[in-house]
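Notes to accompany the following structure.
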Amino acid sequence: MSHPYRIVFAGPVGAGKTTAIAALSDIPPITTEVASAEAEAAGKRTTTVAFDLGQILLPGGDLVQLYGAPGQARFDFMWPLISAGAIGAVILADDRRTDSIDVTVQYVREFAPRVPAGNCVVGVGRTEYRRPPRIDVYGDALAAAGFVLPVMAVDVRRREHALLLLEVLLARLEATDGV
Ligand SMILES: Nc1nc2c(ncn2[C@@H]2O[C@H](COP(=O)(O)OP(=O)(O)OP(=O)(O)O)[C@@H](O)[C@H]2O)c(=O)[nH]1
Ligand SMILES: [Mg+2]
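Each residue of the sequence shown is one higher than the one before, counting from 16 in our numbering.
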């Protein structure tokens, strides 16, 4: 088997990084959850203070390590550490936030330079709070900032949605010889 690939999940507090990795991982993920007021503001109890680490063996035989970044900016010193050697990034958005599009562009700006060929996919979650969904608006804002990326509405609590993000990212990597 080839060496494991590393994929990073990034995005703001509550976007669903820890949830996505728990949904995907074949093994119980390593987590670093701590109760926090900022988490409660995002409608949950805990926040990631260092990283999440899960692992998935894809049907094609590739072993993928899944690293979740902490969303809180005060833990951003972890971002370069967990991005080192990553082959791509999944950027998650919380569409309930009014500033979600700007925040997403900021996360892509932050993480695209850390992965080969800027290979990122964007998963927009909590789309049920906003009708109609504004997936195109994310794509347009990213393109205006110089990032032409796949953008998908997802509910990362559903394993098949989280898996779709990985598959799109890996397909893109193969297309750009990033793997
Ligand atoms: N209603 C709804 N809830 C969602 C959706 N996606 C994720 N969630 C929930 O949102 C929360 C996300 O929490 P986490 O996975 O801890 O978020 P995180 O991105 O790891 O946040 P930090 O580690 O604090 O940066 C969980 O309670 C999920 O069940 C969605 O599409 N709709
Ligand atoms: Mg987390």
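By construction, the Cβ of each residue, glycine as well, lies at the ideal position given by its N, Cα and C atoms.
Item to check | beta strand (DSSP E) runs contained entirely in the segment 147 to 188, provided each spans 3 or more residues | outcome: 166 to 168
Checklist entry - Applying the criterion that 16 or more other CB atoms from any shown protein chain within 10 Å of the CB defines a buried residue, is Ala-54 buried or exposed? => result buried
Item to check | Nonlocal neighbours in the same chain, by C-beta distance under 6 Å from Val-118, ignoring five residues either side | outcome: Pro-27
Item to check | First and last residue of the uninterrupted beta strand (DSSP E) at Ile-22 | outcome: 20 to 25
Item to check | Ile-97, enclosing alpha helix (DSSP H) - first and last residue | outcome: 93 to 98
Next on the checklist: Out of Glu-175, Val-166, Asp-41, which one is the CA nearest neighbour of Ala-104?
Outcome noted: Val-166
Item to check | Through-space distance from Ala-38 to Met-16, alpha-carbon basis | outcome: Note that Met-16 scores a pLDDT of 47, beneath 50, so its modelled location is shaky; the value from the coordinates is reported in the next line. Between Met-16 and Ala-38, the C-alpha separation is close to 24 Å.
Next on the checklist: My parser needs the alpha helix (DSSP H) runs of 4 or more residues fully inside the segment 50 to 90; what are they?
Outcome noted: 52 to 56
Next on the checklist: I need the DSSP call for Ile-106, collapsed to helix, strand or coil.
Outcome noted: strand
Next on the checklist: Do Val-64 and Phe-90 have their beta-carbon atoms positioned less than 7 Å apart in this structure?
Outcome noted: yes
Item to check | Heavy atoms of ligand 2 versus C-beta positions, residues under 5 Å | outcome: Lys-32, Thr-33, Thr-63
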